[in-house]
Every structure is written in C-alpha cells, then in structure tokens.
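Have a look at the structure below, then the notes.
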Amino acid sequence: MAGPQHMNTLDDGELLALFRKEESRHYAFNQIVRLHQRRLYAFIRRMVTDPAETEDILQDVFLKAWTGLENFRGEARLDTWLFRVAHNESISHLRRLKRRSLFNERRLARQLTVTLASEEHFSGDAVQQKLQRAVMNLPPKQRAVFTMKYFDGMKYSEMSRVTGTSEGALKASFHIAVKKIEQELTASDQTIARPKHQTSA
Amino acid sequence: MEPLDHNEELQQHAPRLHALGKVDPFKVPEGYFEHLPHRITERASAGTGTGRTFTSRERAGSFRPAKALWALPALAVVAAAVWWLARPPVQLHQPAEVPVLSETEFEAYAPFANLDDLDLSSAEWDSIHVHLTEEEALAYIDQEEIDLHELLDYMQLQ
Numbered sequence: 001m002a003g004p005q006h007m008n009t010l011d012d013g014e015l016l017a018l019f020r021k022e023e024s025r026h027y028a029f030n031q032i033v034r035l036h037q038r039r040l041y042a043f044i045r046r047m048v049t050d051p052a053e054t055e056d057i058l059q060d061v062f063l064k065a066w067t068g069l070e071n072f073r074g075e076a077r078l079d080t081w082l083f084r085v086a087h088n089e090s091i092s093h094l095r096r097l098k099r100r101s102l103f104n105e106r107r108l109a110r111q112l113t114v115t116l117a118s119e120e121h122f123s124g125d126a127v128q129q130k131l132q133r134a135v136m137n138l139p140p141k142q143r144a145v146f147t148m149k150y151f152d153g154m155k156y157s158e159m160s161r162v163t164g165t166s167e168g169a170l171k172a173s174f175h176i177a178v179k180k181i182e183q184e185l186t187a188s189d190q191t192i193a194r195p196k197h198q199t200s201a
Numbered sequence: 001m002e003p004l005d006h007n008e009e010l011q012q013h014a015p016r017l018h019a020l021g022k023v024d025p026f027k028v029p030e031g032y033f034e035h036l037p038h039r040i041t042e043r044a045s046a047g048t049g050t051g052r053t054f055t056s057r058e059r060a061g062s063f064r065p066a067k068a069l070w071a072l073p074a075l076a077v078v079a080a081a082v083w084w085l086a087r088p089p090v091q092l093h094q095p096a097e098v099p100v101l102s103e104t105e106f107e108a109y110a111p112f113a114n115l116d117d118l119d120l121s122s123a124e125w126d127s128i129h130v131h132l133t134e135e136e137a138l139a140y141i142d143q144e145e146i147d148l149h150e151l152l153d154y155m156q157l158q
C-alpha cells in the first residue's frame, strides 16, 4: 500500500534515461515495476476487488507503460502518470464489466461483495468488510476518488492530474462519498445493534 | 497532503469512518510482487520486435498499420473472391439460334438419316408385351379405374 520502496535511489529522470538506452532498458523497467507495483496493485484491487482481474489490469498498465515511456516527456511525475493509466484501465474495466453483465452498478457491487467473503482473498474483520462493501457501492469514478484520497492519501492536485477533473469537483465527490460511506456504516451498526425482537415488530 | 483538512473533514462528517484504521485487508498471492517485475519485463520485451508490445485489449481493439502490411496478400485474395462472386452472371449455355430445317435438310442430317442402320430388329419387343386374359384385363381396368369410354376410343385409334 505504501509508496515507492526504498530499494532504489534512482529518480524518475535517471530511470527514464536508462530506459531510453537499449542496453539498460530492461533493468530500468524492472526497477520501475518494483517501485510502483504495490501501490498500483492496491488501488486497482480496491477498484475491482477480484484478484485475477486486478493482476490482468496491473499487467496491462505496465505493458502500456513499456510502450508509452518512449514518448514520456516527464511533464508529470512517473507515479502520477502510472496512476493515471491504472485509473483509466480500472474505470474502463468496470464499464466493460457493467455492459457485459447488463447489471446496474448496485447489483454489480453486490456481486463483487461475494469475493470479499472469500478468506483466501480477504483478511479483514467484519468492520473492514462493511467498509469495503460501502466503498463498492460507490459509482466507479467516485470510488476512485475515495480510494485515492482516503486509502492512498493523495493530494487533490495530484488526483486532478490523474483523473483530469478539477480539484473542486474532486473535493465535492470525496465529500459525498464520505457521507455515503458513513451513512452505510451507521445503518449497518444500527441493524446489528437492534435486538431481534424489535426488528420483527 | 492536506492532512489536517482531510482529518477534520472525516472527524466532522464521518466519525465512524475516521475511527477505522486504514489497513489493507486484501491478500496477495505469495511471491507475487517478487516475480512480477521479471514477468512483466519478459513479456514486454517479448513483444518488442519493433520496439512495441501490445496488451490483450490493444490487440483486440486497435488498428496497427505495420501489422496490416502482413494482411495485404490475404486482403487481395478476399477482394478477388468478392469480385468473382459479385460479377454479372455469365451465361455458360447461351440459347443458340436453331435455323429451321427444310425436310431435305432434316433427312440429310446424319443421325436421323441413318436410323435404318440401327439394328432395331434385334430388340426383344416381345418382352415388353403383356398378354392378359379377359378376366385379367377386366381386373386391371377395375384396379386402375380406367374410363372404359377412353379405353374404347384408344382401341379404335389402334
């Protein structure tokens, strides 16, 4: 979940310079993947939930990076640029999934929660499950905003570069997402806390 | 990072959410991150005969002019096939204009002129003759529901 690992001291410029040389291209790209894989994986996983789909999307992100890095001019930071690719790929994937399954977003979210019930893929407690369920009930773009801000701690300015949306719109989207999630957490707390004989009355 | 604003917002609007710890509950297959850089680099470089590689979705959904060159011969064959199927129908057996023959010309026409040369006398005509008794003939007429008037007319013609 953390950002770049401390196994590499090369900055973006040095890595890109190495990538552009034929003899050091593989080494540089290997380092780029090592630096960013965990953070991108965590983001994609929170967006799509399914582990196999996450791996496919992450692979596509890096393969696109391989082809796109030749033309990368360094106007944005490398991690922002990679995050942008991951964001777009995740949103596209969710759109495709929705079109293919002809499910609406709410039904699709319910389907995805089944994955959370699997102990093989999810280690969180009941509270974490509730949180993830609430996150998955958000529409894809809002889910991305919430994930980037809440879990990744990204700045709005960087989120704006990732999503291509204004900071104001992102703040509003995050605020609404937080309220929705809080509402769901509160509702589920009340359901659990309410004694059985009262619910049936 | 705007930590204060962010935390304040959470405290104010979402105390339950704020109270939760930010843990990562998703499990990742063992060794996944150790092997991924090598796997990705290998896969990426495998598709770089021309310095490019393509993801599965790119392969399925986009046009690559360089790759299209390889498709030109196939395209030519398909175009030829389409042209062949769409061309105006050729009448292989044109109705020939048959001149009206005079009687002399007709008789002079070899196959018919030499009909006598055919050994028709050797045909076993008797084999196709049917000799019926009166009872059999009446039974046959009854069975086939032959109109007697038509039969009599036919016999008169003979």
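Residue numbers (the working numbering), protein chains in the order written: chain A, 1 to 201; chain B, 1 to 158.
Where a beta carbon is used, it is the ideal one built from N, C-alpha and C, also for glycine.
Outcome for E42/B when other beta-carbon atoms lying within 10 angstroms are tallied against a minimum of 16: Taking the first residue of the second sequence as position 1, residue 42/B is located at position 42. Of the residues assessed, E42/B falls on the exposed side of the cut-off, its CB having fewer than 16 other CB atoms within 10 angstroms.
Per DSSP, what are the beta-bridge partners of F26/B in this structure? Residue mapping note: residue 26/B aligns to position 26 of the second sequence, counting from 1. Residue pairing by DSSP puts F26/B in a beta bridge opposite F122/A.
Distance check for A86/B and I91/A, CA to CA, integer angstroms please. The residue you call residue 91/A lines up with position 91 of the first sequence. The residue you call residue 86/B lines up with position 86 of the second sequence. Going by the C-alpha atoms only, they are around 45 Å apart.
Going by other Cβ atoms of all chains shown within 10 Å of its Cβ, with 16 needed for buried, is E158/A buried or exposed? Here residue 158/A is taken as the residue at index 158 of the first sequence, counted from 1. With 16 or more other Cβ atoms within 10 Å, it is buried.
Between K64/A and V33/A, is the Cβ-Cβ spacing less than 8 Å? Taking the first residue of the first sequence as 1, we reach residue 64/A at position 64. Taking the first residue of the first sequence as 1, we reach residue 33/A at position 33. Contact: no.
Secondary structure of S90/A, DSSP reduced to three states: Mapped onto the first sequence, residue 90/A falls at position 90. Here DSSP, grouped into helix, strand and coil, assigns S90/A to helix.
Who are the near neighbours of R25/A in its chain, counting only those whose CB is closer than 7 Å to its CB and skipping five residues on each side? Working through the first sequence from its first residue, we reach residue 25/A at position 25. If we look at R25/A and ignore the five residues flanking it on each side, its Cβ neighbours are F19.
So for D50/A, helix, strand or coil by DSSP? Counting from one through the first sequence, the residue named residue 50/A turns up at place 50. The three-state secondary structure of D50/A, taken from DSSP, is coil.
DSSP state of G68/A mapped onto helix, strand, coil: Here residue 68/A is taken as the residue at index 68 of the first sequence, counted from 1. Helix, per DSSP.
Going by DSSP, what residue range makes up the alpha helix (DSSP H) through E22/A? Counting from 1 along the first sequence, the entry for residue 22/A is found at position 22. From DSSP, E22/A is part of no alpha helix (DSSP H); its letter is neither H nor E.
For V127/A, go through chain B and note every residue whose CB falls closer than 7 Å to its CB, in chain order. Walking along the first sequence from the start, residue 127/A turns up at place 127. Within chain B, the residues near V127/A are L20.
Reference T54/A; option with closest CA among L36/B, A44/B, A46/B, S45/B: Numbered from 1 along the first sequence, position 54 holds the residue referred to as residue 54/A. Closest by alpha carbon: L36/B.
When the cut-off is 8 Å and only beta carbons count, does K179/A lie next to chain D? No chain D is part of this structure, whose protein chains are labelled A and B.
How is the alpha helix (DSSP H) around R39/B delimited, first residue to last? For this step, residue 39/B is matched to residue 39 along the second sequence. It spans 32-46 - the alpha helix (DSSP H) in which R39/B sits, taken as one unbroken run.
Using a Cβ-Cβ distance cut-off of 8 Å, determine whether A42/A contacts chain B. Position 42 of the first sequence, counted from the start, is the residue given in the question as residue 42/A. Answer yes: the Cβ-Cβ gap between A42/A and chain B drops below 8 Å somewhere.
Closer than 9 Å at the beta carbon, the chain B residues around W30/A: If you number the first sequence from 1, residue 30/A lands on position 30. Per the sequence shown, the amino acid found at residue 30/A is Asn instead of Trp. Under the 9 Å cutoff, chain B gives P37, H38, I40, T41.
If you measure from the beta carbon of G3/A to each beta carbon in chain B, is any gap under 8 Å? Within the first sequence, numbered from 1, the residue matching residue 3/A stands at position 3. Per-residue confidence for G3/A stands at a pLDDT of 43, beneath the threshold of 50, marking its modelled position as unreliable; the derived number appears in the next sentence. It does not: the Cβ of G3/A has no partner Cβ on chain B nearer than 8 Å.
May I ask which residues mark the beginning and end of the alpha helix (DSSP H) holding E158/A? Here the question's residue 158/A lines up with position 158 in the first sequence. 156-163 is the span of the alpha helix (DSSP H), which, as asked, contains E158/A.
Less than 8 Å separating the beta-carbons of F72/A and L16/A? Working through the first sequence from its first residue, we reach residue 72/A at position 72. Working through the first sequence from its first residue, we reach residue 16/A at position 16. By the CB criterion at 8 Å, F72/A and L16/A fall inside the cutoff.
Would you check if there are 3 or more beta carbon pairs closer than 8 Å linking the segment 73-84 of chain A to the segment 119-135 of chain A? Contact between the segment 73-84 of chain A and the segment 119-135 of chain A is absent, because fewer than three Cβ pairs lie under 8 Å.
Under 8 Å Cβ-Cβ, which residues of chain B neighbour H121/A? Within the first sequence, residue 121/A is the residue found at index 121, counting from 1. Against chain B, the beta carbon of H121/A has neighbours under 8 Å at F26, K27, listed in chain order.
Quick one: what's got a C-beta closer than 6 Å to E22/A's C-beta in the same chain, skipping five residues either side? Position 22 of the first sequence, counted from the first residue, corresponds to residue 22/A. Same-chain partners within the cutoff: there are none.
So, at 6 Å on beta carbons, what are the nonlocal neighbours of L78/A in its own chain, with the 5 sequence-adjacent residues on each side left out? By one-based count along the first sequence, residue 78/A stands at place 78. Counting only Cβ-Cβ distances below 6 Å, and skipping sequence neighbours, we find D12.
Apart from the five residues just before and just after L69/A, which ones in its own chain have a Cβ nearer than 6 Å to its Cβ? Position 69 of the first sequence, counted from the first residue, corresponds to residue 69/A. If we look at L69/A and ignore the five residues flanking it on each side, its Cβ neighbours are F19.
Going by DSSP in three states, D119/B sits in which element: helix, strand or coil? Within the second sequence, residue 119/B is the residue found at index 119, counting from 1. Note that D119/B scores 45 on pLDDT, short of 50, meaning its location in the model is unreliable; the coordinates nonetheless yield the value given after this. In this structure, D119/B counts as coil in the three-state DSSP scheme.
Could you tell me which chain B residues have their CB closer than 8 Å to the CB of H26/A, listed as they occur along the chain? Here the question's residue 26/A lines up with position 26 in the first sequence. Those are T41, S45, listed as they occur along chain B.
Verify whether the separation of the beta carbon atoms of D50/A and E89/A is less than 8 Å. Counting from one through the first sequence, the residue named residue 50/A turns up at place 50. Counting from one through the first sequence, the residue named residue 89/A turns up at place 89. At a Cβ-Cβ threshold of 8 Å, D50/A and E89/A do not count as neighbours.
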